[in-house]
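Colleague:
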Amino acid sequence: MKYNIFSLARNARTYHQDWTRAWRSPEPKPEYEAIIVGGGGHGLATAYYLAKECGVRSVAVLEKGWLGGGNTGRNTTIVRSNYLWDESAAIYEHSVKLWEGLSQDLNFNVMFSQRGLLHLAHTVHDLQEIGRRGHAIWLNGIDSEFLDVDQVREMVPLMNVNGRYPVLGALLQRRGGTARHDAVAWGYARKADEMGVDIIQNCAVTGFDIQNGVVKGVETTRGRIAAKKVGVVAAGHSSVLAEIAGFRMPLESVPLQALVSEPVKPCIDTVIMSNAVHVYLSQSDKGELVVGAGSDAYISYAQRGGFDVLEHIMGPLVELFPFVSRLRMLRQWGGIVDVTVDRSPILSKTPVENLFFNCGWGTGGFKCTPGSGHVFAHSIANGEMHPIAAPFSIDRFHTGALIDEGAAAAVAH
Amino acid sequence: MARSARLAEGGRIDRSKSVRFKFNGESYQGFKGDTLASALLANDVHLIGRSFKYHRPRGIMTAGSEEPNALVQLGEGARTEPNIRATQIEIFEGLTARSQNCWPSVGFDIGAVNSVLSRYLPAGFYYKTFMWPASLWLTYERFIRKAAGLGQAPTEPDPDRYAQHHAHCDVLIAGGGPAGLAAALAAGRSGARVILADEQNEFGGSLLSDAEAEIDGAPALAWVGAALEELRALPEVTILSRTTVTGYYDHNFLTAVERVTDHLDPDAAPPNTPRQRFWKIRAKQTVLAQGAIERPLVFAENDRPGVMLASAVAAYIQRYGVLPGREIVVFTNNDSAYATARLAARAGARVHLVDAREQPPGPLLAEMAALGVETHLGCGVVGVSGTKAIHGVDIAKLTEDEKGLAGPPLQVSADLIAMSGGWNPTVHLFSQSRGTLRYDETLASFVPDKTPQKARCAGSGNGAMMLAECLREGFEAGAAAARDAGFTVETPESPDAPALLDSPPRQIWTVPTVHPLGQGKRKHFLDHQNDVTAADVHLAAREGYLSVEHLKRYTTTGMGTDQGKTSNINALAILSEIRAADIPSVGTTTFRPPYTPAGFGAMSGQAVKDLFEPERGTPMHPWHLANGAVFEDVGDWKRPRYFPRDGEDMHAAVQRECRQVRETVGIMDASTLGKIDIQGKDSGRLLDLVYTNLFSSLKPGRIRYGLMLNEHGMIFDDGVTTCLGVNHYHMNTTTGGAARVLNWLEEWLQTEYPDWEVYCTSVTEQWAVATLSGPKARDVLLAVAPEMALDSDSFSFMTMREGVVAGIPARVFRVSFTGDLSYEINVPARYGRALWEALMAAGAPYAITPYGTESMHVLRAEKGFIIVGQDTDGSVTPRDMGMDWIVSKKKEDFIGKRSFARPDTAREGRKQLVGLLTEDPTFVLPEGAHLVSAVNPAPPMPMIGHVSSSYMSPNVGRSIALGLVKDGRNLMGRQFQVPLMSGRVETVTITEPVFFDKDGERSRG
Ligand SMILES: Cc1cc2nc3c(=O)[nH]c(=O)nc-3n(C[C@H](O)[C@H](O)[C@H](O)COP(=O)(O)OP(=O)(O)OC[C@H]3O[C@@H](n4cnc5c(N)ncnc54)[C@H](O)[C@@H]3O)c2cc1C
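Residue numbers (the numbering used here), protein chains in the order written: chain A, 1 to 413; chain B, 414 to 1418.
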């Protein structure tokens, strides 16, 4: 059923009794053309583009829990493409372009809100960093603006620009912003389902059927399912699945935390990120201030983190936004992020033929949900990595051709 | 003036202390001991605010922290606070509060148009619309955002102070009702360190609003008083009232917020007292005795102001002496609400009792009859008339299958509904502790099962609904906790308390009404704050949002500021009915901290304003301040960036400083450089491991420059290290890298080479360092260190001498970052300023100038010396920097070496350090600009490198720049274009990265 204001009005007349399921809940078939392991945003997007653009309609998405229950439903939803390196700029900008038409494409309002994203500079070093990145983004054909402190103050009147680390300037990407995370998972699921993709929840992949170095299917908690191709998109659990498949994935899984305040009337209109003061903030449409915290220093699969990590962002938060001192934290949570050594993702073939991995998105993969799904779908369908995905091959950890966003820009999310 | 609902007597309020306060601009009177909610009810004010989505009028539903509806904007100006529960605010003289989420007023709210349109706005409607045209989303969103949100954030900084407090204890008890008090007594008597915390202003929990309860034949509150008296006398027991335990984390780490002065007029609060105190508690054992929260019934129009929990009505009558209605309908499915009916009738209200059960216990019915309470058995409330207040209630017989009405509704006149759907044990902290829950059929709710942590539950929070049982569980849990914490104690004998009737409830999760659910005007609210109805749950399920988490996220049930304390179980039960599955198999969502919202101010404690990352200054800092330095932040340090003289801007000051250094002499404060003292027999090995070049061969008194790489072979810090003696080194790091390098050394020592004997000690703060630089540096030093032999033969470049400088014992390092003759004079920190002043005086004849970091950067760039982090970016090898000479070919290994064998790291044509000269010598390139291989009219343009350092150099007489360019060393003399956002395109020539004194004569001289 098409979603629009008319169908909403029509259904109101029948007391919304006639809405149909957003996606079916089928029993797994014995065999599929392609299986996607992991029903997060990236996995669902991959399935959708496989069906929509690559003509692969016999697809199943296997999710061990509920759709979007991983990092897709736990992140702070920042979307941007202002990355330093050309390879990163290419994939993230590809994604932002898809975001720009996503609600219409999926016929599901994902609330992609281009309310602008500010990276604050507090030191001379920060100015040099945004200077280099801002110019690089611009030369890559992506929108990029430098703001002086007065312009920053005008955009965010409630920010304290004269604090311990005064704001000296900022890099602005107007096309950056936020989106509604759950809607992204549901929107992709609904549309993929419409095109015949089987979305199977409560179905954990426990093993791979590998014969002579070629994957033939997967073992799951609901039995064996055969497949010609398998794409693993399991975020924090990717290295576990790689181990089952018999190779190592250079990932570390750590808890990353976030929190929201109680909802208040609009007071912050853009996304603000500060490296020097260690805090980032936006306000959701519901009115909650959404605050990102850091990741724990130790490796863990528990979807929660230590309190100290949260505590350490409270001072910075109040320092940069003194008005929040009398607001209150409503909820905190954590997700397990899969971090690579260069803070760039892995989209790659593997030592096992027809087994593909898409992981390593770490603290910042939500923004690339459409872009990653899109190029990964094409890679799976063609058996060769899409040109935008190719630099993110697992080979780079052997050759040393890292795409080191971490070291160079040190900006997460 | 509205009637007063205050009863003539009773309650725990202090009737001798009248308190005036304002709500929505009106002045009202209450008593000390009132909450804002009880005081408003006493003044017959029921309409408190508007709901989140439909802007429905809402009143007070509860008497505690579970309140979903009655949220107000408290206070004004800098002290204003949104979303505060009226049920928890203790009133004080002069308190002001306002309704929120309404405009222009709570009585007439424009936003209520949403209520009229509500039929078009079911759960998740926004996912289905606002998509066309795409360009209008931001406009739609602006309206959505305005309509959403509850109260208003303050706009001014918070005038109050907060504190953090760390505590260890043997037994932490959360909740000070009968079970918690009993636990505290049992544990406290053992001598264990006990912390007892309760979120209310008084201890006693449910007993505070149960004047009839008895323990050992006496009023229960007498027992509470005696218990508190005993606990206060125990030296190891800490009693915290107004303290909510908010979070339960791993390893029995808990957090709590103590509201120290919130109940006082802020202008009259005691001085030097924080407003709130944030406790971080490590408890050996915990006892969770948080009690239980009454469950609302889900019936048509159950959100009207005047629909309250039965236990809340009882609390208002008994604890606050307020009868919130005169014609009260008690609607229940269990025995506990009969007490409310009894209290209300005795207080003079006309009471109807509606029991969903056909046959409640006879004694209860007899009592009702005696009190003149009219009972309606097997019935339900199926409608409520009135919007801003209740005028009447529709009561109807329910069919046996509970799906419909067995007869026409009877309307009774009423102004209040007291409802009870049973009780939910408060399992939030237990669940946060990763405890698993068990579904209890009789309670129709979840109770604690197992936890991996050292926690116990007691009382009604554990599912024990009778007072005697609560006491017994409390004593047992307290004693067992103390024993497990290592104390010896007998479990005290538990006192007696009369048992109440407790017959089975009739669990009706959705009470039917005159029309099918969701198909008429009457709404059944589940989550009152977020306006989620039972029909929304059905819609979500219909659309396939069948997992609890999907339901929660799609409908937003349980996501309000009350975190679903009154709605979660009802939502779950309705979902399980739809799914035809039992409740436990449908599951619960995870409870996440905090239990109730915790203030950001409280959590940041003292770490704000001046104590937020305190500034670090060197011993010479006061001199810099006195001499007009302009500072920059480098790490935590404030470093002088330049020292402007009258009227100079940065450019003028830096040009002058740089010129003066090269002409005569300058002085710089280098105290911030990281310094690590390294000792032990394996020190040389460690240095050989972390630096690319050989250090173990360094002789005492000699200095060597080194680069540190990470495992990828990329530069991550640099600095000079001096051999002070056998197995004793002094390492310098960059200012910003000091902590990182020390961690790095320790990481290798502790995780990879624990057998090595090396001791690394940060001595950054122990030494103050003044650097003299320039051709006259030697003369100045000589003037204050006449005993030191300073000629180049006795004191050559890259050596260190100990001696006396300006009468101070000093280590003098002859190194140079400017490329001119330099001495870095290190003295014990306390002499730093004396040294500095002596050098300034001695330098006066040479017009010595203090210079800051900016001039230092220009001077080093003239020489092509790199700054790690500016000219490198974590992707640069020594070879890329043209520093192959520093990479030992002989050493077997060092960190990063292996990576040089990787094809991409070894490849030709990587980005390399070069000099860049602009065509226009007066133009200073912006740092971060890029060289392109072709200029297009508009981006994209292919980049081949970037400008990392760029300055106007007075000594070279033109602008100079350093940059990293692909295959740069093979492009010497070639010209490239640098397009800028302004539209300007500058042509640059690639040169060697040295612009001044290319042979390095000056530093050796
Ligand atoms: C607190 C936090 C804040 C963040 N903030 C941002 C941000 O602001 N912007 C941004 O761009 N990114 C952010 N991120 C990162 C972002 O959330 C992730 O990179 C992204 O959502 C990953 O999506 P995914 O689909 O790959 O992973 P997920 O959503 O985690 O999906 C992986 C799925 O695989 C399933 N799975 C795992 N193992 C198996 C198995 N054996 N069988 C079947 N299924 C399996 C999991 O259950 C899960 O549903 C944040 C992350 C966190 C935790």
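The beta carbon of each residue, even a glycine, is placed where N, CA and C say it ideally should be.
Which residue comes first and which comes last in the beta strand (DSSP E) that contains Ser-429(B)?
Modeller: Here the beta strand (DSSP E) through Ser-429(B) covers 427-436.
Colleague: Grab the span of the alpha helix (DSSP H) containing Ile-557(B) for me, first residue to last.
Modeller: 550-560 is the extent of the alpha helix (DSSP H) around Ile-557(B).
Colleague: Is the closest heavy atom of ligand 1 to the C-beta of Val-96(A) under 7 Å?
Modeller: Checking the Cβ of Val-96(A) against ligand 1 gives no.
Colleague: In angstroms with no decimal places, state the Cα-to-Cα distance between Phe-112(A) and Gly-305(A).
Modeller: Taking the straight line joining both Cα atoms gives about 28 Å.
Colleague: Beta carbon of Val-197(A): closer than 7 Å to some heavy atom of ligand 1?
Modeller: Val-197(A) Cβ: outside cutoff for every heavy atom of ligand 1.
Colleague: Distance, Cα to Cα, Thr-552(B) vs Ser-724(B)?
Modeller: Answer to the nearest angstrom: the Cα atoms are 45 Å apart.
Colleague: Does the beta-carbon of Thr-1134(B) have 16 or more other beta-carbons within 10 angstroms, so that it is buried, or is it exposed?
Modeller: Thr-1134(B) comes out buried.
Colleague: Please confirm whether Thr-123(A) has its beta-carbon closer than 8 Å to some beta-carbon of chain B.
Modeller: Thr-123(A) counts as touching chain B.
Colleague: Going along chain A in order, which residues have a C-beta closer than 9 Å to the C-beta of Trp-550(B)?
Modeller: Chain A residues near Trp-550(B): Ser-103, Asn-109, Met-111, Phe-112, Ser-113 and Gln-114.
Colleague: Is the CB of Gln-1390(B) under 8 Å away from at least one CB in chain A?
Modeller: It does not; no Cβ of chain A falls within 8 Å.
Colleague: Do we get a CB-CB distance below 8 Å when we pair Met-414(B) with the residues of chain A?
Modeller: For Met-414(B), the predicted model reports a pLDDT of 44, less than 50, meaning its position is unreliable and no value from the coordinates is stated.
Colleague: Mind checking whether Tyr-32(A) and Ala-51(A) have CB atoms under 8 Å apart?
Modeller: No, Cβ-Cβ distance for Tyr-32(A) and Ala-51(A) is not below 8 Å.
Colleague: Return helix, strand or coil for Cys-267(A), following the three-state DSSP convention.
Modeller: Coil at Cys-267(A), not helix or strand.
Colleague: State the start and end residues of the unbroken alpha helix (DSSP H) segment that holds Val-1217(B).
Modeller: Looking at the DSSP string, Val-1217(B) is not in any alpha helix (DSSP H); the run it does join, the beta strand (DSSP E), is 1212-1218.
Colleague: Please report the straight-line C-alpha distance between His-1125(B) and Pro-1291(B), rounded to a whole angstrom.
Modeller: Looking at the two C-alpha atoms, the distance is approximately 12 Å.
Colleague: Please confirm if His-119(A) has its CB atom under 8 Å from at least one CB of chain B.
Modeller: Taking Cβ atoms only, chain B never reaches closer than 8 Å to His-119(A), which makes this a no.
Colleague: Which residue marks the beginning of the alpha helix (DSSP H) containing Cys-883(B), and which one marks its end?
Modeller: Element bounds for Cys-883(B): 880-897.
Colleague: If you draw a straight line from the alpha carbon of Thr-422(A) to that of Lys-64(A), how long is it in whole angstroms?
Modeller: In the structure as shown, chain A begins at 1 and stops at 413. Residue 422(A) is therefore absent and cannot be evaluated.
Colleague: By alpha-carbon positions, which one of Lys-1112(B), Gly-1012(B), Gly-1119(B) and Gln-1179(B) ends up nearest to Asp-1090(B)?
Modeller: Checking every option, the nearest Cα to that of Asp-1090(B) belongs to Gln-1179(B).
Colleague: Which of the three DSSP states is assigned to Met-414(B) in this structure?
Modeller: Confidence is the limiting factor: at Met-414(B) the pLDDT is only 44, short of 50, which leaves the residue's position unreliable and the question unanswerable from this model.
Colleague: Return the chain-ordered ranges of every alpha helix (DSSP H) run that is complete within the region 375-405 of chain A and spans a minimum of 4 residues.
Modeller: Whole alpha helix (DSSP H) segments, 4+ residues: 396-399.
Colleague: Flag this pair as yes or no: are the beta carbons of Glu-154(A) and Pro-495(B) separated by less than 8 Å?
Modeller: Not closer than 8 Å, so no.
Colleague: Could you tell me which of Ser-372(A), Val-149(A), Ser-239(A) and Asn-354(A) sits nearest to Leu-214(A), measuring between CA atoms?
Modeller: According to the sequence shown, residue 214(A) is Val rather than Leu. Out of Ser-372(A), Val-149(A), Ser-239(A) and Asn-354(A), Asn-354(A) has the C-alpha closest to the C-alpha of Val-214(A).
Colleague: Which residues of the region 1333-1353 of chain B have a Cβ closer than 7 Å to any Cβ of chain A? Give them in chain order.
Modeller: Residues Pro-1339, Glu-1340, Gly-1341, Ala-1342, His-1343, Val-1345, Pro-1352 and Pro-1353.
Colleague: Tell me whether Arg-417(B) is buried or exposed, calling it buried when 16 or more other Cβ atoms sit within 10 Å of its Cβ.
Modeller: According to the sequence shown, residue 417(B) is Ser rather than Arg. Classification for Ser-417(B): exposed.
Colleague: Find the nearest neighbour of Gly-1370(B) within the set Thr-1331(B), Thr-1400(B) and Gly-1341(B), judged by alpha-carbon distance.
Modeller: Selected option, being the one with the closest Cα: Thr-1331(B).
Colleague: Indicate, with yes or no, if ligand 1 has a heavy atom lying under 7 Å from the CB of Phe-366(A).
Modeller: Yes, Cβ of Phe-366(A) sits closer than 7 Å to a heavy atom of ligand 1.
Colleague: Can you give, in chain order, each stretch of the beta strand (DSSP E) that sits fully within the region 1120-1181 of chain B and has at least 3 residues?
Modeller: Whole beta strand (DSSP E) segments, 3+ residues: 1128-1138, 1141-1146 and 1172-1175.
Colleague: Which term fits Val-1139(B), buried or exposed, when burial requires 16 or more other beta carbons within 10 angstroms of its beta carbon?
Modeller: Exposed, because fewer than 16 other Cβ atoms sit within 10 Å of the Cβ of Val-1139(B).
Colleague: Between Ala-89(A) and Gly-362(A), what straight-line distance do the alpha-carbon atoms span, to the nearest angstrom?
Modeller: Approximately 17 Å, taken between the alpha carbons.
Colleague: Under the DSSP definition of a beta bridge, which residues are partnered with Arg-328(A)?
Modeller: For Arg-328(A), which the question treats as bridged, DSSP gives the partners Gly-1012(B).
Colleague: Measuring CA to CA, which of Glu-956(B), Gly-971(B) and Gly-604(B) is closest to Ile-991(B)?
Modeller: Per the Cα distances, Glu-956(B).
Colleague: Just by C-beta distance, which residues in the region 1275-1301 of chain B are closer than 8 Å to chain A?
Modeller: Cβ contacts with chain A come from Gly-1282, Gln-1283, Asp-1286, Gly-1287 and Ser-1288.
Colleague: Can you tell me whether DSSP reads Val-927(B) as helix, strand or coil?
Modeller: Reduced to three states, the DSSP call for Val-927(B) is coil.
Colleague: Using a Cβ-Cβ cutoff of 8 Å, what residues of the region 255-278 of chain A are near chain B? List them in chain order.
Modeller: So the close ones are Ser-261, Glu-262, Pro-263, Val-264, Lys-265, Pro-266, Cys-267 and Ala-276.
Colleague: Tell me the start and end of each unbroken alpha helix (DSSP H) in the region 968-1002 of chain B that is at least 4 residues and wholly inside, in chain order.
Modeller: Listed in chain order, the complete alpha helix (DSSP H) runs (minimum 4 residues) inside the region 968-1002 of chain B are 981-992 and 996-999.
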